[in-house]
Amino acid sequence: MSLPLLVELPETLQATALDNQQALRGAVAAADGLSLDDWNAERWAAFARVSAASVFVLEQSLRDPAMLLDLAASGDLDRRFAPGELCAQLAAAAGAATSEDDLARALRRQRNRHQVRIVWRDVTRQADLIETCRDLSDMADAAIDQAYQWLYPRLCEQFGTPTGSRSGQPQQMVVLGMGKLGAVELNLSSDIDLIFAYPEGGETTGVKRSLDNQEFFTRLGQRLIKALDPITVDGFVFRVDMRLRPYGSSGALVLSFNALEQYYQDQGRDWERYAMIKARVVAGDQAAGAQLQEMLRPFVYRRYLDFSAIEALRTMKQLIQQEVRRKGMSANIKLGAGGIREVEFIAQAFQLIHGGRDLSLQQRPLLKVLATLEGQGYLPAAVVTELREGYEFLRYTEHAIQAIGDRQTQMLPDDDLDRARIAFMLGFPDWDAFHAQLMHWRGRIDWHFRQVIADPDEEEGEGEVVVGGEWLPLWEEAQDEEAACRQLQDAGFRDAQRALKLLAALRSSPQLRAMQRLGRERLDAFIPRLLAQAVEHDDPDLVLERVLPLVEAVARRSAYLVLLTENPGALRRLLTLCAASPWIAEQIARFPLLLDELLNESRLFSPPKAPELAAELRERLTRIPEDDLEQQMEALRHFKLAHSLRVAASEIAGSLPLMKVSDYLTWLAEAILNQVLALSWRQTVARHGRPQRSDGSPCDPGFIIVGYGKVGGLELGHGSDLDLVFIHDGDPQAETDGAKPIDSAQFFTRLGQRIIHLLTTQTNSGQLYDVDMRLRPSGASGLLVSSVGAFERYQQNEAWTWEHQALVRARVLVGCEQVGAAFEDVRARVLGKQRDLAALRVEVSEMRAKMRDNLGTKGTAAGTAGNAYDAGVPFDIKQDAGGIVDIEFMVQYAALAWSHSHPALLRYTDNIRILEGLEEAGLMPASDAVLLREVYKAFRSAAHRQALQKQAGVIDAAQFATERREVRRIWSELGLG
Numbered sequence: 001m002s003l004p005l006l007v008e009l010p011e012t013l014q015a016t017a018l019d020n021q022q023a024l025r026g027a028v029a030a031a032d033g034l035s036l037d038d039w040n041a042e043r044w045a046a047f048a049r050v051s052a053a054s055v056f057v058l059e060q061s062l063r064d065p066a067m068l069l070d071l072a073a074s075g076d077l078d079r080r081f082a083p084g085e086l087c088a089q090l091a092a093a094a095g096a097a098t099s100e101d102d103l104a105r106a107l108r109r110q111r112n113r114h115q116v117r118i119v120w121r122d123v124t125r126q127a128d129l130i131e132t133c134r135d136l137s138d139m140a141d142a143a144i145d146q147a148y149q150w151l152y153p154r155l156c157e158q159f160g161t162p163t164g165s166r167s168g169q170p171q172q173m174v175v176l177g178m179g180k181l182g183a184v185e186l187n188l189s190s191d192i193d194l195i196f197a198y199p200e201g202g203e204t205t206g207v208k209r210s211l212d213n214q215e216f217f218t219r220l221g222q223r224l225i226k227a228l229d230p231i232t233v234d235g236f237v238f239r240v241d242m243r244l245r246p247y248g249s250s251g252a253l254v255l256s257f258n259a260l261e262q263y264y265q266d267q268g269r270d271w272e273r274y275a276m277i278k279a280r281v282v283a284g285d286q287a288a289g290a291q292l293q294e295m296l297r298p299f300v301y302r303r304y305l306d307f308s309a310i311e312a313l314r315t316m317k318q319l320i321q322q323e324v325r326r327k328g329m330s331a332n333i334k335l336g337a338g339g340i341r342e343v344e345f346i347a348q349a350f351q352l353i354h355g356g357r358d359l360s361l362q363q364r365p366l367l368k369v370l371a372t373l374e375g376q377g378y379l380p381a382a383v384v385t386e387l388r389e390g391y392e393f394l395r396y397t398e399h400a401i402q403a404i405g406d407r408q409t410q411m412l413p414d415d416d417l418d419r420a421r422i423a424f425m426l427g428f429p430d431w432d433a434f435h436a437q438l439m440h441w442r443g444r445i446d447w448h449f450r451q452v453i454a455d456p457d458e459e460e461g462e463g464e465v466v467v468g469g470e471w472l473p474l475w476e477e478a479q480d481e482e483a484a485c486r487q488l489q490d491a492g493f494r495d496a497q498r499a500l501k502l503l504a505a506l507r508s509s510p511q512l513r514a515m516q517r518l519g520r521e522r523l524d525a526f527i528p529r530l531l532a533q534a535v536e537h538d539d540p541d542l543v544l545e546r547v548l549p550l551v552e553a554v555a556r557r558s559a560y561l562v563l564l565t566e567n568p569g570a571l572r573r574l575l576t577l578c579a580a581s582p583w584i585a586e587q588i589a590r591f592p593l594l595l596d597e598l599l600n601e602s603r604l605f606s607p608p609k610a611p612e613l614a615a616e617l618r619e620r621l622t623r624i625p626e627d628d629l630e631q632q633m634e635a636l637r638h639f640k641l642a643h644s645l646r647v648a649a650s651e652i653a654g655s656l657p658l659m660k661v662s663d664y665l666t667w668l669a670e671a672i673l674n675q676v677l678a679l680s681w682r683q684t685v686a687r688h689g690r691p692q693r694s695d696g697s698p699c700d701p702g703f704i705i706v707g708y709g710k711v712g713g714l715e716l717g718h719g720s721d722l723d724l725v726f727i728h729d730g731d732p733q734a735e736t737d738g739a740k741p742i743d744s745a746q747f748f749t750r751l752g753q754r755i756i757h758l759l760t761t762q763t764n765s766g767q768l769y770d771v772d773m774r775l776r777p778s779g780a781s782g783l784l785v786s787s788v789g790a791f792e793r794y795q796q797n798e799a800w801t802w803e804h805q806a807l808v809r810a811r812v813l814v815g816c817e818q819v820g821a822a823f824e825d826v827r828a829r830v831l832g833k834q835r836d837l838a839a840l841r842v843e844v845s846e847m848r849a850k851m852r853d854n855l856g857t858k859g860t861a862a863g864t865a866g867n868a869y870d871a872g873v874p875f876d877i878k879q880d881a882g883g884i885v886d887i888e889f890m891v892q893y894a895a896l897a898w899s900h901s902h903p904a905l906l907r908y909t910d911n912i913r914i915l916e917g918l919e920e921a922g923l924m925p926a927s928d929a930v931l932l933r934e935v936y937k938a939f940r941s942a943a944h945r946q947a948l949q950k951q952a953g954v955i956d957a958a959q960f961a962t963e964r965r966e967v968r969r970i971w972s973e974l975g976l977g
């Protein structure tokens, strides 16, 4: 939402404002050397508004009018501070202190000054919510760090310098700011949650009587709190809350990094993970703090999908609700229903669940997290808009409540004057109008909260309903076999005995026997839901058979079971996809992290197009440190798996036709190859430096990846490998310019090897692609990478006709535009040569005959025998006569035969558009060209269906008998046999 509106002071506050103006005049008159002569009407009006709204500002102004006048004269009330400016002011004040009492006094006076400035700008609407929270957080950061920087050297002087026993290096403390401070979201009267740590054990040096490091830092921590927390005649700086540290109030005030890591690893609870999301180094040793946060990251963000986090959040919320009810805090805009905490819960639930894999969620500010949830498709834009606007309204309300008296409260007031103040600050004419809007936003937030956090067993208007509860006795073997079989049969299972055996096998599997109590409880909650949804399918036997292997595979990582238990929609989509395709079922069982994709239905069935694919992958990889190759490889593989699943799901759902399926799979391969080339280039250059072109300019990268076959023809299918050729334009005589120079040929060979390594290495998430490099010049015996010149010489002088046929489907996938253009020129010259058509027909026909003999169906002489069209006889869609390869060979023959006089035939590499080109050029009758296009698409659709069913590309010969005869007719009319 935008800033609250400025409204006229209501009558109830006008008299207060006049009294306040008179009081300020009196305070200034009573002070020496002060004058209000330069205050104009606008300044007086602003003071009237602010002092009427904030008792705190009025009290500070009357107590220290010089401070207020200086704020006004300096212009600080009227401008936004530059980064670091607030810190500089506190540093100057702290630096002048000569004792701890001086330090405490200086920090408190600075706090009062800046608090007045911040409230003034908030009430006069010169600062929005972001600026107010940032200024408050900057003030806290500066106060903590300046107090620390003042105290640390003085304690070292007194007790010696703490030194690590392992490193021998001086040790500094790290101060972690938690909660709103960590997220730079501090409110007008917030306490600050801190955790103190130090890198390693040891003792102080440089004094006669040394102290243990922990004792030193404990004393330092105590003095730091004393500098900030106690209320003196000057007020306080910030209330300090240390209860978030390990073991809470009873724990040590300061712990070493190792002790912290050990605690969180062994005893860390879910609420501590929740709290640690917002942890930020606010003072002390920033470099050591970054190291500490890296150590603690695995505790906060699990590498796998962590849907169990939502259970913990639900439990936390229930405890808070009980507390609210017990203390009668329904008027609390933070903790009550539809309050600030609920928006935070929604955002942090997604962070805990998905943040281990989606690094974009590993951030602290709530509004940025909400934007990421929308941008990454976790929540619809309309939901995020309501959450953001509701949250901002609540935060402005919180600031208004706290601006009144600088008190740490989120309770709505019950006295009329304070209610008038709040309505005024929020831009409403009266309390009723404000309260109606407040309740609207609380209602919307609470509704969204219930969608995310609510128990899936709680249905509207019903009490305790356990989904699938009727199946629990069967799963827990609380009934005899006959009754269990009868229940399965009545529910629609055809082979109840087999279904029962499958469940028994799962129950007795080693994975389940090794499960701990919590995991077993999750499984017991999940299986009844699975059975309840399975019986809604036409073939529940098939569903159970395909899904139980997945259940067994994820049993030891039961967070996945929680995901499906918590999300009935995700479970429904899982069963639908597994019923439709054993290939999908196997993929998800092998890579359970794909379950994440089932959560968002709109995203699952709407795969992004080429630019979005490339941008999404690029963004994912930019969040991973450049030197973390393992995480980069995992990110690439997860990206491929996730998007392959989305394409397959869309194909099964009928929302993506065959040609689009191949397009998406090809775009996916190109996006991945682009990043793999970039990673490989960066690594190879880092080791050897850059190669050079013959003109002496550096290659950047001077390299292309050419795709042949299915990827070249934009016809990739599920599980297709990549036929690739690598080409460069480096100077073979020149060396690279790095510390370990090698010649260009060697450099590009190593670059090619690195690319193949990244593509083919097996990791936990499988491999990216099988890669076939046999179409390069001289095949398997040739160089891995060719120069542009060597590639042309081979194609012009040594290549076989079948290699030129393959070149028809070759295109540049990724790499240097300059080299790509050179390749296209070579391809056009090679394919555009005038040929002896009779000889060409013989060579194409002979090569096709060899392929049929080796790869076709033996029983039908590769589809040429008399029984080749009979029902019940197998037909190989790709290799048999009249199949896919016959159409491809005809297209390739036509391109080689006629592109000399019709160069437009070389514009495209896919069979469909080349056939369109043949029709447009009048080289093939329109009826034949249309027929070949439609038959080709039908064959490929059938092959795709077979692949999704994990079956070979062989179908009943009668299925396409007419189409195959027509293909054979056109083959003969072209003179190919």
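Numbering (UniProt numbering), first residue to last: 1 to 977. The beta-carbon is built from N, C-alpha and C at its ideal position, and this holds for glycine as well. Remember, predicted model here, so these are calculated numbers, not experimental data.
Residues in its own chain within less than 6 Å of residue 472 by CB, not counting five upstream and five downstream? Residue mapping note: residue 472 aligns to position 472 of the sequence shown, counting from 1. Within the same chain, residue 472 has close Cβ partners 528.
Our contact map puts residue 772 next to residue 722 with C-beta atoms below 8 Å; I'd like the distance itself, whole angstroms only. Here residue 772 is taken as the residue at index 772 of the sequence shown, counted from 1. Here residue 722 is taken as the residue at index 722 of the sequence shown, counted from 1. Confirmed, about 7 Å.
Within the chosen definition, does the region 607-616 reach the region 588-596 through at least 3 CB pairs nearer than 8 Å? no
Please work out which residues of its chain come closer than 7 Å, Cβ to Cβ, to residue 88, disregarding the five sequence neighbours upstream and downstream, and give them in chain order. Reading the sequence shown from its first residue, position 88 is the one you call residue 88. Contacts found: none.
To the nearest angstrom, report how far apart residue 486 and residue 498 are at their CA atoms. To locate residue 486, count along the sequence shown from 1; it is residue 486. To locate residue 498, count along the sequence shown from 1; it is residue 498. Distance between the alpha carbons of residue 486 and residue 498 is about 13 Å.
What number of angstroms, rounded off, separates the C-alpha of residue 567 from the C-alpha of residue 276? For the purposes of this step, residue 567 is identified with residue 567 of the sequence shown, where counting begins at 1. For the purposes of this step, residue 276 is identified with residue 276 of the sequence shown, where counting begins at 1. Answer to the nearest angstrom: the Cα atoms are 26 Å apart.
Would you identify the three-state DSSP class for residue 280, choosing helix, strand or coil? Locating residue 280 in the sequence shown gives position 280, where the first residue counts as 1. Strand.
State the DSSP-derived secondary structure class of residue 465, mapped to helix, strand or coil. Walking along the sequence shown from the start, residue 465 turns up at place 465. With a pLDDT of 45 at residue 465, under the threshold of 50, the modelled position of that residue is not reliable, and no figure is offered here.
Classify residue 346 as helix, strand or coil using the three-state DSSP reduction. Here residue 346 is taken as the residue at index 346 of the sequence shown, counted from 1. Helix, per DSSP.
With burial defined as no fewer than 16 other Cβ atoms inside 10 Å of the residue's Cβ, what is the status of residue 855: buried or exposed? Residue numbering aside, residue 855 sits at position 855 when the sequence shown is read from its first letter. Exposed, since its Cβ has fewer than 16 Cβ neighbours within 10 Å.
Could you spell out where the alpha helix (DSSP H) holding residue 742 opens and where it closes? The residue given as residue 742 occupies position 742 in the sequence shown. Run containing residue 742: none; DSSP gives neither H nor E here.
List the whole-angstrom C-beta distance separating residue 1011 from residue 450, where the pair is believed to meet the contact cut-off of C-beta under 8 Å. With the chain represented from 1 up to 977, any question about residue 1011 goes unanswered, as that position is not in the structure.
Alpha carbon to alpha carbon, what distance is there between residue 922 and residue 817? The count along the sequence shown starts at 1 and reaches residue 817 at position 817. The count along the sequence shown starts at 1 and reaches residue 922 at position 922. Taking the straight line joining both Cα atoms gives about 33 Å.
Keeping to the same chain, check which residues put their C-beta closer than 6 Å to that of residue 875; ignore five residues upstream and five downstream. What you label residue 875 is simply residue 875 of the sequence shown in a count that begins at 1. Excluding positions up to five away in sequence, the list reads 955, 957.
Could you pull the start and end residues of the alpha helix (DSSP H) that residue 735 belongs to? Residue mapping note: residue 735 aligns to position 735 of the sequence shown, counting from 1. It is not in any alpha helix (DSSP H) - residue 735 carries neither H nor E in the DSSP assignment.
Please report the distance separating the alpha-carbon of residue 465 from that of residue 532. Taking the first residue of the sequence shown as 1, we reach residue 465 at position 465. Taking the first residue of the sequence shown as 1, we reach residue 532 at position 532. Because the pLDDT at residue 465 is just 45, under 50, the model does not fix this residue reliably, and the point stays unresolved.
DSSP three-state call for residue 217: helix, strand or coil? As a position in the sequence shown, residue 217 is number 217, starting the count at 1. Looking at residue 217 - three-state DSSP - the assignment turns out to be helix.
Start and end residues, alpha helix (DSSP H) containing residue 97: Numbered from 1 along the sequence shown, position 97 holds the residue referred to as residue 97. Neither: residue 97 is in no alpha helix (DSSP H) and is coded neither H nor E.
Classify residue 197 as helix, strand or coil using the three-state DSSP reduction. Reading the sequence shown from its first residue, position 197 is the one you call residue 197. Residue 197: strand per DSSP, three-state reduction.
Taking Cβ positions only, does residue 640 come closer than 8 Å to chain C? The question asks about chain C, but that chain is absent: this structure has only one protein chain.
So, at 7 Å on beta carbons, what are the nonlocal neighbours of residue 561 in its own chain, with the 5 sequence-adjacent residues on each side left out? Translated into the one-based positions of the sequence shown, residue 561 becomes position 561. Around residue 561: 522, 523, 526, 554.
Determine the extent of the beta strand (DSSP E) in which residue 722 is found, giving its start and end residues. The residue labelled residue 722 in the question sits at position 722 within the sequence shown. That run of the beta strand (DSSP E) goes 722-728.
Which residue's Cα is closest to the Cα of residue 766: 719, 725, 33? Counting from one through the sequence shown, the residue named residue 766 turns up at place 766. Ranking 719, 725, 33 by Cα distance to residue 766 puts 719 first.
Any idea if residue 638 is buried or exposed, counting beta-carbon neighbours within 10 angstroms, 16 or more meaning buried? As a first step, residue 638 must be located in the sequence shown, where it is residue number 638. So residue 638 counts as buried.
Assigned exposure category for residue 16 - 16 Cβ within 10 Å defines buried: One-based indexing of the sequence shown puts residue 16 at position 16. Under this definition residue 16 is a buried residue.
DSSP three-state call for residue 459: helix, strand or coil? What you label residue 459 is simply residue 459 of the sequence shown in a count that begins at 1. In this predicted model, residue 459 has a pLDDT of only 47, less than 50, meaning its place in the structure is not dependable enough to derive any value.
Is it the case that the region 781-792 contacts the region 818-827, given that we only count it when at least three CB pairs across the two stretches are under 8 Å? yes
Per the contact definition of three or more C-beta pairs closer than 8 Å, is the region 208-220 in contact with the region 148-163? yes
Closest to residue 688 by CA distance: which of 27, 246, 738 is it? Position 688 of the sequence shown holds residue 688. Closest option to residue 688, Cα to Cα, is 738.
Does the Cβ of residue 461 have 16 or more other Cβ atoms within 10 Å, making it buried, or fewer, making it exposed? Position 461 of the sequence shown, counted from the start, is the residue given in the question as residue 461. Confidence is the limiting factor: at residue 461 the pLDDT is only 40, short of 50, which leaves the residue's position unreliable, though a coordinate-based value still follows. Exposed is the call here.
Return yes when the Cβ of residue 118 is within less than 8 Å of the Cβ of residue 135, no when it is not. Start at 1 with the first residue of the sequence shown, and residue 135 comes out as number 135. Start at 1 with the first residue of the sequence shown, and residue 118 comes out as number 118. In this structure, residue 118 lies closer than 8 Å to residue 135 by Cβ.
Under three-state DSSP, which class holds residue 187? The count along the sequence shown starts at 1 and reaches residue 187 at position 187. Looking at residue 187 - three-state DSSP - the assignment turns out to be coil, as it is neither helix nor strand.
Any heavy atom of the ligand PLP closer than 7 Å to the beta-carbon of residue 228? Ligands are entirely absent from the displayed structure, and the ligand PLP is therefore not among its contents.
Quick one: residues in its chain with C-beta nearer than 6 Å to the C-beta of residue 76, no 5 flanking neighbours on either side, listed in chain order? Start at 1 with the first residue of the sequence shown, and residue 76 comes out as number 76. Only 117 meet the Cβ criterion.
Nearest-angstrom Cα distance between residue 879 and residue 699? By 1-based counting over the sequence shown, the position of residue 879 is 879. By 1-based counting over the sequence shown, the position of residue 699 is 699. Computed Cα separation, rounded: 42 Å.
Am I right that residue 338 and residue 446 are in contact with their C-beta atoms under 8 Å? What's the rounded C-beta distance? Translated into positions along the sequence shown, residue 338 becomes position 338. Translated into positions along the sequence shown, residue 446 becomes position 446. 4 Å between Cβ atoms; contact.
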